[in-house]
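**Q** Let me give you the structure first, and then I'll get to my questions.
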Amino acid sequence: MTAAPSLGKDLITLEELSADQIRLILDTAEPFKEVSERPIKKTPALRGKTIVNLFFEDSTRTRISFEFAEKRLSADTVSISSSGSSVSKGETLVDTARNLEAMRIDMVVIRHPNSGAARFLADRIRSNVVNAGDGKHEHPTQGLLDILTLRDHFGRIEGLKLCIVGDVLHSRVARSNIWGLRKLGAEVAVCGPKTLLPRGIEELGVTVFPRIEDAIQWADALNVLRLQLERMQSGFIPSLREYNRVFGVSRERLARAPGEIMVLHPGPMNRGVEIDSDVADGPHSLILKQVTNGVAVRMAVLYLLAGGAPDWRVPAGDER
Amino acid sequence: MPLATRLLDAAALSHALDRMAAEVVARSEGGQGLVLVGIQRRGVELAERLAGLITATQGHPPTLGKLDITLYRDDLQAIGPRPVVGETSLPPDLDGTIVVIVDDVLYTGRTIRAALDELADFGRPRRILLCVLVDRGGRELPIQADIVGTVVPTEPGDHVNVRVSELDGEDAVDLLRPGAA
């Protein structure tokens, strides 16, 4: 049996992974897709492991996707959200995690509104930590499932042209896409109102398209980001209608693409704002395939990280 | 240098497979509802060969499946970096079928224990048979093969190297024994 290269203790960013490590996760996700098609959707790979899903920010898709991944690997799981837990009483992140560790957990999946929270936690506890989205920083498993979905459809990543459309400024999905896809040799561009593109984004090696029409001419696929509606109040865009008119991904716009063009969206969608319904539900859409692949990618990550699981039989050198 | 002894050459391996295919048919009521399940890696190729031989004599092909038992290994907690997981593909319904597990080498029996557990998650076959090319002894679990190509007594440090032309360019089975230090 060949031993796979290790992923290390945690998955915090795609920025810090090598192309080989990203490929390892994608290749490991392949056989896990089949597990979800079985009559009994369960394998004993993580039997006896305890995983805590620590969600300090609202999430439906990501949290449920992680929970399915955990359960289909036979792990025991607990999900905690910030409301209804001692977090709302003012307990710090580290105290929460240390208390959980004192109950001998093996892994933490964390979603947090602050960029860097997952790394902060990973450096302070012995359990494996998986970043399920930290502020505006990264959302590595979303990036991985996007890449897997693109690879499934196009059969390759190298040389593929993907344009991220919309609110790149506030998007951790955008950052994970850019890092992951660039490492695997894809070309990445961004398109959106100037107010929603980070200054100096070109330094990450991406092209900027001010007009969606030009992006559609160039791209093999668009990753359409959710326009966070609160951005309108903060003055980033004049109105939702205006945004849809200038940047909305519609069937008419896609029809002018020179070749095949596919559309991804990390969800939840604002239909009629950043994406029209006939695109979301039409032949260009890979959106539900992304959701299916999300479970497989997360199973792969949990499986690989469990190889570097904490050994509770060895007393820790320092309990920090 | 390890000492290599050839246990089966291409002709002997072919002969063994012919006999094994005939036994599979004899023990599976003529091959109706028969599913040959190859264990990743080389069990998959051997199952395909047996299926070809059975099709030639019976006129209808048996169903083929492949099984990767990595996620069911009993040492998964003990080993460090995760082993690579291979493809599993089985017919959607195993209820009432006769499953023949095909593997290259039967040794401790732990792989077959894992395979039995995994198959149970796919359905309830009417019967499960075990068919191996080489039985090298050394069992650690109460598991025996029903159909065997060849039996070879081995020592714990030995390695039985099964080579199939699809993957390795030739058909051969060698016994590799560590040389005297």
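Going down the list, the protein sequences come from chains A and B.
Residue 240 in the working numbering sits at position 240 of the first sequence, with consecutive numbering throughout.
Residue 1139 in the working numbering sits at position 139 of the second sequence, with consecutive numbering throughout.
Yeah, the Cβ is synthetic: ideal placement off N, Cα and C, and Gly gets one too.
(1) CB-CB under 7 Å to A1115(B), same chain, minus the five flanking residues each way: which ones, in chain order?
(2) Output needed for L169(A): all residues of its chain with C-beta closer than 7 Å, excluding positions within five of it in sequence on either side, in chain order.
(3) Using a cut-off of 7 Å between C-beta atoms, extract the partners of A45(A) located in chain B.
(4) Quick check: is the beta carbon of L11(A) nearer than 8 Å to any beta carbon in chain B?
(5) Which first and last residues belong to the alpha helix (DSSP H) in which D1174(B) is found?
(6) Tell me which same chain residues have a C-beta within less than 6 Å of the C-beta of V94(A), skipping the five on either side of it?
(7) Does any residue of chain A have a CB that is nearer than 8 Å to the CB of E1166(B)?
(8) Distance check for L73(A) and F66(A), CA to CA, integer angstroms please.
(9) Specify the secondary structure class of N114(A) as computed by DSSP and reduced to three states.
(10) Give a yes or no on whether 8 Å exceeds the smallest Cβ distance from R38(A) to chain B.
(11) Let's see if you can read the secondary structure: which residues bound the alpha helix (DSSP H) around L24(A)?
(12) Would you mind working out which of S79(A), A75(A), I51(A) sits nearest G59(A), comparing C-alpha positions?
(13) Using 8 Å as the threshold, is the segment 244 to 260 of chain A in touch with the segment 216 to 227 of chain A, meaning 3 or more CB pairs across them?
(14) Would you mind reading off the limits of the alpha helix (DSSP H) that contains M328(A)?
(15) Suppose the cutoff is 7 Å on Cβ atoms and the five residues either side in sequence are ignored; what does the same chain contact list for T292(A) look like?
(16) Which of helix, strand or coil does DSSP assign to V1152(B)?
(17) Looking at L1133(B) and D1104(B), is the spacing between their C-beta atoms short of 8 Å?
(18) Under a Cβ-count criterion, where at least 16 other Cβ atoms within 10 Å of its own Cβ denotes burial, should S176(A) be classed as buried or exposed?
(19) Could you list which residues in chain B have their beta carbon closer than 8 Å to that of K42(A), in chain order?
(20) Under 8 Å, Cβ to Cβ, is there at least one residue of chain A near P1125(B)?
(21) Closest by CA to F247(A), which one among D134(A), N223(A), K33(A)?
(22) What's the C-alpha gap between S82(A) and N53(A)?
(23) What residues in its chain sit with their C-beta under 8 Å from that of A117(A), if we drop five residues either side in the sequence?
(24) For S1014(B), count the other beta carbons within 10 Å of its own beta carbon; 16 or more makes it buried, fewer makes it exposed. Which is it?
(25) Contact between the segment 273 to 291 of chain A and the segment 145 to 153 of chain A is defined here as three or more beta-carbon pairs at a separation below 8 Å; is this criterion met?
(26) Between L7(A) and V130(A), which are expected to be in contact by the criterion C-beta below 8 Å, what is the C-beta distance as a whole number of angstroms?
(27) In its own chain, which residues sit with a C-beta less than 7 Å from the C-beta of D1054(B), not counting the 5 before and 5 after it?
(28) Since I believe L1071(B) is in contact with A1051(B) (beta carbons under 8 Å), could you give me their beta-carbon distance rounded to a whole number of angstroms?
(29) Let me confirm a value: E37(A) is counted as buried when at least 16 other C-beta atoms fall within 10 Å, else exposed. Which label applies?
(30) Within the segment 158 to 245 of chain A, note down every full beta strand (DSSP E) run reaching 3 residues or more, in order along the chain.
(31) Between the Cα of V206(A) and those of V190(A), Y243(A), K194(A), spot the shortest distance and give me the residue it belongs to.
(32) Any idea which residues DSSP pairs M262(A) with across the strands?
(33) Decide if M262(A) is buried, meaning its Cβ has at least 16 other Cβ atoms within 10 Å, or exposed.
(34) In terms of alpha-carbon separation, which member of L1076(B), D1018(B), V1035(B), A1047(B) lies closest to P44(A)?
(35) Taking the alpha helix (DSSP H) that T292(A) belongs to, which residues open and close that run?
(36) So, does the segment 1004 to 1018 of chain B touch the segment 1147 to 1160 of chain B, judging by three or more C-beta pairs under 8 Å?
**A** Straight from the coordinates:
(1) Closer than 7 Å at the Cβ level, and outside the excluded window around A1115(B), lie I1039, L1067, I1069, I1101.
(2) Close CB contacts of L169(A) within its chain, under the 7 Å cut and outside five residues either way in sequence, are with L196, L197, P198 (chain order).
(3) Those within 7 Å of A45(A) in chain B are L1071, L1076.
(4) L11(A) does not count as touching chain B.
(5) For D1174(B), no alpha helix (DSSP H) run applies; the uninterrupted beta strand (DSSP E) run containing it begins and ends at 1172 to 1177, by DSSP.
(6) A distance below 6 Å between beta-carbons, with the five flanking residues on each side excluded, links V94(A) to the following residues of its chain, in chain order: R124.
(7) Taking Cβ atoms only, chain A never reaches closer than 8 Å to E1166(B), which makes this a no.
(8) If I take the Cα positions, the gap works out to 11 Å.
(9) Secondary structure at N114(A): coil, using DSSP grouped into helix, strand and coil.
(10) For R38(A), the nearest beta carbon of chain B is closer than 8 Å to its own beta carbon.
(11) Start and end: 19 to 35.
(12) The question names Gly, but residue 59(A) is Ser in the sequence shown. Of the candidates S79(A), A75(A), I51(A), S79(A) places its Cα closest to the Cα of S59(A).
(13) By the Cβ criterion, the segment 244 to 260 of chain A is in contact with the segment 216 to 227 of chain A, since at least three pairs of Cβ atoms, one from each stretch, lie closer than 8 Å.
(14) The structure shown does not extend to residue 328(A), since chain A spans only 1 to 320, so no value can be given for it.
(15) So the list is empty, once near-sequence residues are dropped.
(16) It is coil, neither helix nor strand.
(17) Cβ distance < 8 Å, so D1104(B) and L1133(B) count as in contact.
(18) S176(A) is buried by the Cβ-count criterion.
(19) Those within 8 Å of K42(A) in chain B are D1121.
(20) For P1125(B), no Cβ of chain A is located within less than 8 Å of the residue's own Cβ.
(21) Nearest of D134(A), N223(A), K33(A) to F247(A), Cα basis: N223(A).
(22) Straight-line Cα distance between these residues: approximately 11 Å.
(23) Closer than 8 Å at the Cβ level, and outside the excluded window around A117(A), lie F56, L93, I110, D134, G135.
(24) Exposed is the call here.
(25) At 8 Å Cβ cutoff, the stretches touch.
(26) Contact check for L7(A) and V130(A): beta-carbon distance about 10 Å, past the 8 Å limit, so the pair fails to qualify.
(27) Asp is not the amino acid found at residue 1054(B); the sequence shown has Ile there. Within the same chain, I1054(B) has close Cβ partners A1021, V1024, V1025, G1031, P1062.
(28) With a Cβ gap of about 25 Å, A1051(B) and L1071(B) do not count as contacting.
(29) When all chains shown are included, E37(A) counts as exposed.
(30) Along the length of the segment 158 to 245 of chain A, whole beta strand (DSSP E) runs at least 3 residues long occupy 161 to 165, 187 to 191, 207 to 209, 221 to 224, reported in chain order.
(31) Closest option to V206(A), judged by alpha-carbon separation, among V190(A), Y243(A), K194(A): V190(A).
(32) Note: M262(A) sits in a beta bridge opposite A221(A).
(33) Buried, because 16 or more other Cβ atoms sit within 10 Å of the Cβ of M262(A).
(34) Per the Cα distances, L1076(B).
(35) Where T292(A) is concerned, the enclosing alpha helix (DSSP H) stretches over 287 to 305.
(36) Counting C-beta pairs closer than 8 Å gives three or more between the segment 1004 to 1018 of chain B and the segment 1147 to 1160 of chain B, which meets the contact rule.
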